[in-house]
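Below is one structure, written out as structure tokens; comments come after it.
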Amino acid sequence: MSLANVYSLYRTMEDENVILSFKGIVTAELLTSVLHIMEAKMDSMHETPRIRKKVFNVLVECLQNLYHHVEESATPASKELLERKSALVLIVKEQDHFIVKTGNYIDVDKAQELKDRLEIINSMDKDGLKEYYQSSLNNSMVSDKGTAGLGMIDIARKSGNKLDFEFLKINNETSFFCLNVKID
Amino acid sequence: MEKLILEASAKTPEVVFDPAAGTLLLKGRSIPENSIEFYKPLNDWIDDYAENPGSQTVIEMKLEYFNTSSSKCILDLFKKLEKLNGTDVSVNWYFEEDDEDMEEAGEDYQAIIKLPFKMIEVEEI
Numbered sequence: 173m174s175l176a177n178v179y180s181l182y183r184t185m186e187d188e189n190v191i192l193s194f195k196g197i198v199t200a201e202l203l204t205s206v207l208h209i210m211e212a213k214m215d216s217m218h219e220t221p222r223i224r225k226k227v228f229n230v231l232v233e234c235l236q237n238l239y240h241h242v243e244e245s246a247t248p249a250s251k252e253l254l255e256r257k258s259a260l261v262l263i264v265k266e267q268d269h270f271i272v273k274t275g276n277y278i279d280v281d282k283a284q285e286l287k288d289r290l291e292i293i294n295s296m297d298k299d300g301l302k303e304y305y306q307s308s309l310n311n312s313m314v315s316d317k318g319t320a321g322l323g324m325i326d327i328a329r330k331s332g333n334k335l336d337f338e339f340l341k342i343n344n345e346t347s348f349f350c351l352n353v354k355i356d
Numbered sequence: 098m099e100k101l102i103l104e105a106s107a108k109t110p111e112v113v114f115d116p117a118a119g120t121l122l123l124k125g126r127s128i129p130e131n132s133i134e135f136y137k138p139l140n141d142w143i144d145d146y147a148e149n150p151g152s153q154t155v156i157e158m159k160l161e162y163f164n165t166s167s168s169k170c171i172l173d174l175f176k177k178l179e180k181l182n183g184t185d186v187s188v189n190w191y192f193e194e195d196d197e198d199m200e201e202a203g204e205d206y207q208a209i210i211k212l213p214f215k216m217i218e219v220e221e222i
């Protein structure tokens, strides 16, 4: 990357009101640090407890999704595989709301499954989501990592907005999943 | 039977399970990546407590945040307590003013679990 590009990348983030960004592999340590930094930031920005808690909650779920996603993939052997485990996390602060943005690679077949689930979630109103969450909580099996597939439903409930997402096709096996969660 | 006492950490709540008083307290945040690992000793303790519980058992839930991975473990914990014999079990669910999400989380469990819930609004947990 040329020096001019460093500035243009910085400018883009500044203009888009990015207050925190990370690109790389989401580890447990990274997760702890990002949460810590965001809590301190929101404290200094004098956000209301309500919005602070919602942003924190959504961020926890988004980061832990990325963390478990990395864990599921095979041990990386090549540079290409390492890149596939890498993710992007951006936190944007607009006048009256926050946006948590994430991007990560995903297998094409898993992408379809996730897309279907997100569409179901987006078709529901507040009460529908509440019922869906309760039945998933009560009926779902927990994987050995302790994830129960509740994350996206919870993110949608806490955000109070429709989930904005897109799957970009990279090649026949891989897509890139972009998620935008608005919190107001 | 021994008390179960765990100090709070950045990702796990304070735990005080007191068999003599019949109170089970969870306080703070529960956001570990691997919640099953954290909740295992709590479940084991309840299994022991089930052998000889006090006449009353009160679960004091004073959580500030919990992740969805913990939510399933908390449900399993409630389900275990629901099955206790020879003791009156109830849940005190605390939430901070304006924390509609934590209030709703209490309602979620209330809809699934057949234990009496008392919803308690406080200024700060």
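Residue numbers (the numbering used here), protein chains in the order written: chain A, 173 to 356; chain B, 98 to 222. From the three backbone atoms N, C-alpha and C, an ideal C-beta is built for every residue, glycine too. Computed from a prediction, not measured in an experiment: that's the story for all the values here.
What are the start and end residues of the beta strand (DSSP E) that includes residue i?
i	result
Gly125/B	120-127
Thr346/A	346-355
Met217/A	It is not in any beta strand (DSSP E) - Met217/A carries neither H nor E in the DSSP assignment.
Leu101/B	101-103
Gly196/A	190-196
Thr274/A	270-279
Lys265/A	259-265
Glu111/B	111-115
Assuming residue i and residue j are in contact, meaning their beta carbons sit under 8 Å apart, how far apart are those beta carbons, in whole angstroms?
i	j	result
Asn276/A	Leu335/A	Rounded, the Cβ-Cβ distance is 15 Å, inconsistent with contact.
Glu134/B	Gly125/B	In fact, because the Cβ distance is near 17 Å, the residues do not count as touching under 8 Å.
Val188/B	Ile156/B	5 Å
Leu253/A	Lys195/A	That belief does not hold up - the Cβ atoms of Leu253/A and Lys195/A are roughly 17 Å apart, past 8 Å.
Lys225/A	Ile355/A	At roughly 10 Å, the Cβ-Cβ gap does not stay under 8 Å, so Lys225/A and Ile355/A are not in contact.
Phe337/A	Leu290/A	6 Å
Tyr136/B	Leu174/B	7 Å
Ile271/A	Asn352/A	6 Å
Gly323/A	Asn237/A	5 Å
Lys257/A	Ile197/A	5 Å
Ile327/A	Glu233/A	5 Å
Leu101/B	Trp142/B	5 Å
Sorted by chain position, which residues of the same chain lie with C-beta nearer than 6 Å to residue i's C-beta, five sequence neighbours on each side aside?
i	result
Arg329/A	Leu301
Leu178/B	Val186
Leu262/A	Val190, Ser193, Lys273
Pro213/B	Ser187
Phe163/B	Ser127
Lys282/A	none
Taking residue i as part of the alpha helix (DSSP H), name the residues at either end of that continuous run.
i	result
Gly300/A	298-311
Ile342/A	Premise fails: Ile342/A is in no alpha helix (DSSP H) and is neither H nor E.
Met199/B	197-209
Glu218/B	Taken as a continuous stretch (DSSP letters only), Glu218/B belongs to no alpha helix (DSSP H), being part of the beta strand (DSSP E) at 214-219.
Ile325/A	323-331
Ala176/A	175-187
Ser132/B	132-146
What residues in its chain sit with their C-beta under 8 Å from that of residue i, if we drop five residues either side in the sequence?
i	result
Asp151/B	Checking the displayed sequence, the identity of residue 151/B turns out to be Gly instead of Asp. Within the same chain, Gly151/B has close Cβ partners Pro116, Ala117, Ala118, Gly119, Thr184.
Glu220/B	Glu193, Glu194
Ser331/A	Lys226, Val230, Val353, Lys354, Ile355
Asp144/B	Lys177
Glu345/A	Asp279, Val280
Asn311/A	none
Ile217/B	Asn189, Trp190, Tyr191, Phe192
Just to confirm my understanding: we take residue i, look at its own chain, exclude 5 residues before and 5 after, and list those with CB closer than 7 Å. What are they?
i	result
Ile325/A	Ile293, Leu301, Tyr304, Tyr305, Ser308
Glu161/B	Gly125, Arg126, Ile222
His241/A	Asn276
Met296/A	Tyr304
Lys211/B	Glu179
Met158/B	Leu123, Val188, Asn189, Trp190, Tyr191
Tyr146/B	Met98, Pro116
Leu175/A	none
Glu188/A	Val264
Flag this pair as touching only if the stretch 337-347 of chain A and the stretch 104-120 of chain B have three or more C-beta atom pairs under 8 Å; answer yes or no. no
Kindly provide the ranges of any alpha helix (DSSP H) runs that are 4 or more residues long and lie completely inside the stretch 152-193 of chain B, ordered along the chain. 165-179
Contact between the stretch 204-214 of chain B and the stretch 163-181 of chain B: three or more CB pairs below 8 Å? yes
Would you check if there are 3 or more beta carbon pairs closer than 8 Å linking the stretch 210-218 of chain A to the stretch 279-288 of chain A? no
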